[in-house]
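In what follows, a structure is listed as C-alpha cells, so that the remarks can point back to it.
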Amino acid sequence: MTTDSSSTNRAPAAGISTFKGKERALRADRLGTGGLLLSVLAATAPLMVVAGVMPTTFAVMGIVGQPLLFVVLGAVLILFSVGYAEMSRHVHNAGAFYAYISRGLGGTAGAGAALVALVAYNSLQVGIYGIFGFEVSGLFATYADLEVAWWIPALAAALAVGVLGLLKIDVNAKVLGVLLVIEVLLVVVFDIAAVADPGTEGLSLHAFNPDTLTGAGVGTALCFCIAAFLGFEQAPVYAEETSRPHVLVPRVMFLAVAGVAVFFALSSWALTVATGPAAIVPTSQEQSAGLLFFLTEDRLGSTFTDVLHVLFVTGMFAAMLSFHNVVARYAFAMGREGLLPAAFGRTSGASGAPGTGSLLQTGIAVVLVLAFALTDDKPAGDPTAPVLHLFTWGGNIGALGVIVLMAIASLSVVVFFVRRGAAGAQAWRLGTSAAAGIALVIIAGYTVKDFDVLVGAGPDSALRWVLPGIIGFALVVGLVQGAVLRARAPETHARIGLGNEAFQLEKEAERTP
Numbered sequence: 193m194t195t196d197s198s199s200t201n202r203a204p205a206a207g208i209s210t211f212k213g214k215e216r217a218l219r220a221d222r223l224g225t226g227g228l229l230l231s232v233l234a235a236t237a238p239l240m241v242v243a244g245v246m247p248t249t250f251a252v253m254g255i256v257g258q259p260l261l262f263v264v265l266g267a268v269l270i271l272f273s274v275g276y277a278e279m280s281r282h283v284h285n286a287g288a289f290y291a292y293i294s295r296g297l298g299g300t301a302g303a304g305a306a307l308v309a310l311v312a313y314n315s316l317q318v319g320i321y322g323i324f325g326f327e328v329s330g331l332f333a334t335y336a337d338l339e340v341a342w343w344i345p346a347l348a349a350a351l352a353v354g355v356l357g358l359l360k361i362d363v364n365a366k367v368l369g370v371l372l373v374i375e376v377l378l379v380v381v382f383d384i385a386a387v388a389d390p391g392t393e394g395l396s397l398h399a400f401n402p403d404t405l406t407g408a409g410v411g412t413a414l415c416f417c418i419a420a421f422l423g424f425e426q427a428p429v430y431a432e433e434t435s436r437p438h439v440l441v442p443r444v445m446f447l448a449v450a451g452v453a454v455f456f457a458l459s460s461w462a463l464t465v466a467t468g469p470a471a472i473v474p475t476s477q478e479q480s481a482g483l484l485f486f487l488t489e490d491r492l493g494s495t496f497t498d499v500l501h502v503l504f505v506t507g508m509f510a511a512m513l514s515f516h517n518v519v520a521r522y523a524f525a526m527g528r529e530g531l532l533p534a535a536f537g538r539t540s541g542a543s544g545a546p547g548t549g550s551l552l553q554t555g556i557a558v559v560l561v562l563a564f565a566l567t568d569d570k571p572a573g574d575p576t577a578p579v580l581h582l583f584t585w586g587g588n589i590g591a592l593g594v595i596v597l598m599a600i601a602s603l604s605v606v607v608f609f610v611r612r613g614a615a616g617a618q619a620w621r622l623g624t625s626a627a628a629g630i631a632l633v634i635i636a637g638y639t640v641k642d643f644d645v646l647v648g649a650g651p652d653s654a655l656r657w658v659l660p661g662i663i664g665f666a667l668v669v670g671l672v673q674g675a676v677l678r679a680r681a682p683e684t685h686a687r688i689g690l691g692n693e694a695f696q697l698e699k700e701a702e703r704t705p
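511 is the number that the working numbering gives to position 319 of the sequence shown; each next residue is one higher, with no gaps.
Below, the structure is given as C-alpha cells:
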C-alpha cells in the first residue's frame, strides 16, 4: 500500500467544502467510561465465545492450550493498543481505522481502509443473524413445540436493531450494558462451579503449559481465538461522542483488551477443568456447541441451563447492535468526507444518531438474510445449511478484514509519528506497534492459508480463496476510489480522515487575517 505524504497532517485545501450545521457532527458528551466500555465489550459476545468459539476451537484444532492462546493474543493486542491508543489522542473521528490510516499513509490508503472496514463490520454483524436465527428457532422448537424458520427471528432482530440504532447512543449503551453484565455473571457462575467441581484430573493447569501449543494447528487456532477479541478496537469510533476522548478512548481500550484476555483465558481453562485436560478435545468433538450447556446441566441444573440458552440469544443480539452502531458510524464518517454520498454524513433529529448509515446497515442485513433464506433448502441442523454458512462465512470474512486493518494501522502509527518528527519521543510506542504489526501480518497469513478450515470447506473448495478475496477486492476498489478522488477531486481527497476537524480548521483559517 502506497503512502501519500501530502495528506499527512494536512489542513483543508482552498475551496474545500465545509460541514456546516450540527447534523454534520455526532453529539458529544453522550458516553462516559462505563458506557463506552460496555458498548465495545458487547461486540465480544462473551457467552457466544464461551459456548461457541471455544468448543469449536478445541474440537476442530485439537489444541488443549487454548487458555494460553488467549494470554498470547492479549499480549499482542496490548502491544497494538499502545500505538493505537496514542493515535487516538491526536485523531478523533468516527472513521477510526481508516482515519488513522489516512493520517499516516495518506488519503488514498485511507479510502482503501474505509471500504475494508465497511465490508468487514457488515460481515461480522450480518453473520451473527445466521446463528441468532438458528438458536431462536431451536428455542421455539424446544420450549414451545413450534417450528419457526430461522429467517423469521433473524429479520425481526434486524428490524429491532435498526430501530435501536436510530436512538441516542447512551440509550444503546444501557441496553448493551444490561445484556453484557448478565452474560458475564452467568459465565462466572459456571467458572466457579467448574473449579468447585472439577473433572477427574482436578484443578489442573496443564492448559497453560507451552507444550500444549505444539503442532500444525496453532496458527489456525489463533485465527479462531482472535475473533473473540473483536470489539475492543471500536472504542475510537465513539470518540466524537465522548466528553474527553483523549482520556477515555485509551483507557477503555486497555481495560477492554486486558479484561477480555483474562476473562476468556480463565473461562476456557474452566472448560478444561470441568472435563479434564485429557478429555476436553474428545468431549468438544462430541458435544460441539452444546459443550457449555452439557457441563452446566450436570453442575448447575436444568433451570440454569435453560436461562443460559436464552441469554446466549440475547448476548448475540447485543453483539449485533454493537456492530450495527459501528457500521453506521463508519458510513457517517465516509459520507461526511466524500467517500459515500453526502446523505450518509448527516445525523438525524434529536437523537444525534447517524440515521442514514443505520438504515444502510439494516438494509444490507435484510437483503443478505433474505438471500440466504431463499437458498435454504436443507434442515437447519445440516452443517451445510445456508443459515450456518451465513454465520461462518460472515464471521471469518469480517475477522480477516479487521486483522488486516489492525496490521495496516500499526504501520500507519509508525509513519504518522516519524513524519511529525516525534520518532524519538515515541520510540517505545513505535516499537510496540511494529512488533504488533508483524504478529498481526502472521495471523492474517494463517487466516488466509487456512480459510477452508475456518469456514468448514474442503481444501479444494473455491471458497478458500473467494471468501477472503472479498476483503482483497474491497481494498483494491477503495484504493482505486482514493486514486480517482486524488486526480479528479483533490479537495475531497484532502478531507479523507479529517472528519469534522476539517470544518474546524477552515473556520480558524477564515478568522486568521
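Glycine included, every Cβ here is placed at the ideal spot set by N, Cα and C.
As the structure is a prediction and not an experimental result, all values here were calculated from the model.
Rounded to whole angstroms, the gap between the alpha carbons of T334 and I320 is 21 Å.
Residue range G299 to Y335 is occupied by the alpha helix (DSSP H) that includes E327. Counting along the chain, A619 sits inside the alpha helix (DSSP H) bounded by residues A619 to K641. A direct Cα-to-Cα measurement between R295 and G527 gives close to 18 Å.
When DSSP reads this structure, A545 sits in a beta bridge with S540. For S476, the enclosing alpha helix (DSSP H) has its first and last residue at I472 to Q479.
Following the DSSP letters along the chain, one finds T464 inside the alpha helix (DSSP H) bounded by residues P437 to T467. By alpha-carbon distance to V607, the top candidate from L592, A341, L597 and A626 is A626. In this structure the stretch 230-243 does not lie against the stretch 394-412, because fewer than three pairs of beta carbons, one per stretch, are closer than 8 Å. Distances from the CA of L378 to each of A303, I663, L316 and L492 were compared; the closest alpha carbon is that of L492.
Contact check for S604 against Y313 fails: the beta carbons are separated by 7 Å or more. Around A631, the same chain offers V268 as residues with beta carbons nearer than 7 Å, after the five sequence neighbours per side are excluded.
Shown here for G664: not one same chain residue has a beta carbon closer than 8 Å to its own, the five before and five after excluded.
The continuous alpha helix (DSSP H) containing S514 extends over residues L483 to R528. Excluding the 5 residues flanking it on each side, Q618 has same chain C-beta neighbours closer than 6 Å at F609, in chain order.
In terms of Cβ geometry, V242 and A399 do not form a close pair [threshold 7 Å]. Secondary structure of T392 (DSSP, three-state): coil. Contact annotation: T624 and V373 have beta-carbon atoms that are not nearer than 7 Å. Look at T249 here: in three-state DSSP terms it is helix. Judged by beta-carbon spacing, L677 lies beyond the 7 Å limit of G304, meaning their Cβ atoms are not closer than that value. Non-local C-beta neighbours of T404 in its own chain, meaning closer than 6 Å and more than five positions away in sequence, comprise V256 and G257, ordered along the chain. For H685, the enclosing alpha helix (DSSP H) has its first and last residue at P682 to H685.
For S653, no alpha helix (DSSP H) run applies, since DSSP gives it neither H nor E. The C-alpha of G648 lies about 18 Å from the C-alpha of A636. By the beta-carbon neighbour count (other beta carbons within 10 angstroms, threshold 16), V370 is exposed. Excluding residues up to 5 positions away in sequence, N314 lie with their Cβ nearer than 6 Å to the Cβ of I556 in the same chain.
Under the three-state reduction of DSSP output, L359 falls in the coil class, being neither helix nor strand.
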